[in-house]
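J.: Each residue of the sequence shown is one higher than the one before, counting from 2 in the working numbering.
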Amino acid sequence: MIIGIDKAPLNSSALWQVQVNQGDSWIPMSATSNSFHVLGTNSTGSSVVRTMTLENGQISGVLSIAYKALSTGPLKWNLEFTPNSTAQYRFVYHWNDSDITPDSQPISSTLTVSHGAANYTLSWDDVPPSMNTTLALNPGEALLITNIGTLVAGATARLDPQLLDSGPSQATAHTPQRKAVYDSKGGYYYVFYYDGMQLRYASSNNGV
2 MIIGIDKAPL
12 NSSALWQVQV
22 NQGDSWIPMS
32 ATSNSFHVLG
42 TNSTGSSVVR
52 TMTLENGQIS
62 GVLSIAYKAL
72 STGPLKWNLE
82 FTPNSTAQYR
92 FVYHWNDSDI
102 TPDSQPISST
112 LTVSHGAANY
122 TLSWDDVPPS
132 MNTTLALNPG
142 EALLITNIGT
152 LVAGATARLD
162 PQLLDSGPSQ
172 ATAHTPQRKA
182 VYDSKGGYYY
192 VFYYDGMQLR
202 YASSNNGV
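(1) Give me, in chain order, the residues of the same chain whose beta-carbon lies closer than 7 Å to that of residue 44; leave out the 5 immediate sequence neighbours on both sides.
(2) Could you give the DSSP three-state label for residue 132: helix, strand or coil?
(3) According to DSSP, simplified to helix, strand and coil, what is residue 52?
(4) Restricting to Cα atoms, I'd like to know which of 119, 143, 37 and 90 is closest to residue 111.
(5) What number of angstroms, rounded off, separates the C-alpha of residue 53 from the C-alpha of residue 23?
(6) Could you compute how far the alpha carbon of residue 34 sits from the alpha carbon of residue 55?
(7) Give every residue of the same chain whose Cβ lies closer than 8 Å to the Cβ of residue 19, excluding the five residues on either side of it in the sequence, and list them in chain order.
(8) Hey, residue 125 and residue 162: beta-carbon distance below 7 Å or not?
(9) Skipping 5 residues on each side, what residues in its chain have a beta carbon closer than 6 Å to that of residue 151?
(10) Go through its chain and collect everything with a Cβ distance to residue 158's Cβ below 6 Å, but skip five positions before and after it.
(11) For residue 127, which of 109, 119, 141 and 140 has the nearest alpha-carbon?
(12) Decide if residue 156 is buried, meaning its Cβ has at least 16 other Cβ atoms within 10 Å, or exposed.
(13) Roughly how many angstroms lie between the CA atoms of residue 114 and residue 134, to the nearest whole one?
(14) Measuring only the C-alpha atoms, how far is residue 141 from residue 96?
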């Protein structure tokens, strides 16, 4: 979920998935456990780590996502996935936004979506070319697909894209939006925000 300059939720949401290849079909793995660990705030930004156990049939694994709201503006993700079975896997980032169309043009490993005076840019330019990342655009949806390939049981795949924002000068001086993470299993919202002096985080069970 992205919260706009006016602190109201935008018509925009996103989530990360791990998919496993079974019989030439890519099947999403579902979360069976979910926890958050707040790492804290320092001069570089605020961080929280989400750890999930994913399962699909007899195949399972652990996905760890470190969210870091950098003091320079971007929201960074660091993903790590470790399976219990050797198989072909891929990371999929679902960005649902009514302003995304099949005609949206990615430029140099980035996709920008505008909401009023603010722009939101998904960047994957630091993803290794060997991971074969592709972008699929549908009405109201963008899918960033990163192939892991065959991952041996117990091995770990890593990925670190980012979401950047820009807006009018008076807004960028105080960060155009907060970054919010919703824990659907525990029912808590975790929000990174700038208080005028430093980046902070907060949590609530009602989004307020």
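Ideal Cβ placement from N, Cα and C applies to all residues, glycine included.
T.: The structure says:
(1) Position 43 of the sequence shown, counted from the first residue, corresponds to residue 44. Correct list, in chain order: 72.
(2) Here the question's residue 132 lines up with position 131 in the sequence shown. Judged by DSSP in its simplified three-state form, residue 132 adopts helix.
(3) What you label residue 52 is simply residue 51 of the sequence shown in a count that begins at 1. Reduced to three states, the DSSP call for residue 52 is strand.
(4) The residue labelled residue 111 in the question sits at position 110 within the sequence shown. The option with the nearest alpha carbon to residue 111 is 143.
(5) Against the sequence shown, residue 53 aligns to sequence position 52. Against the sequence shown, residue 23 aligns to sequence position 22. Their backbone Cα atoms lie some 21 Å apart in a straight line.
(6) Within the sequence shown, numbered from 1, the residue matching residue 34 stands at position 33. Within the sequence shown, numbered from 1, the residue matching residue 55 stands at position 54. Those two C-alpha atoms are separated by around 8 Å.
(7) Taking the first residue of the sequence shown as position 1, residue 19 is located at position 18. Within its own chain, the residues whose Cβ lies closer than 8 Å to the Cβ of residue 19, once the five positions on either side in sequence are excluded, are 29, 30, 55, 62, 64, 82, 90, 91, 92 and 93, listed in chain order.
(8) Sequence index remark: in the sequence shown, residue 125 carries index 124 (1-based). Sequence index remark: in the sequence shown, residue 162 carries index 161 (1-based). Yes; because the gap between Cβ atoms is below 7 Å, this pair is in contact.
(9) Numbered from 1 along the sequence shown, position 150 holds the residue referred to as residue 151. Contacts found: 89.
(10) Counting from 1 along the sequence shown, the entry for residue 158 is found at position 157. Excluding residues within five positions, the ones whose Cβ falls inside 6 Å are 82, 149 and 152.
(11) Translated into the one-based positions of the sequence shown, residue 127 becomes position 126. For residue 127, the nearest C-alpha among the options comes from 109.
(12) Along the sequence shown, read from residue 1 onward, the residue named residue 156 stands at position 155. Counting of Cβ neighbours within 10 angstroms places residue 156 among the exposed residues, the total staying below 16.
(13) For the purposes of this step, residue 114 is taken as the residue at position 113 of the sequence shown. For the purposes of this step, residue 134 is taken as the residue at position 133 of the sequence shown. Approximately 19 Å, taken between the alpha carbons.
(14) As a position in the sequence shown, residue 141 is number 140, starting the count at 1. As a position in the sequence shown, residue 96 is number 95, starting the count at 1. The alpha-carbon atoms of residue 141 and residue 96 are separated by roughly 8 Å.
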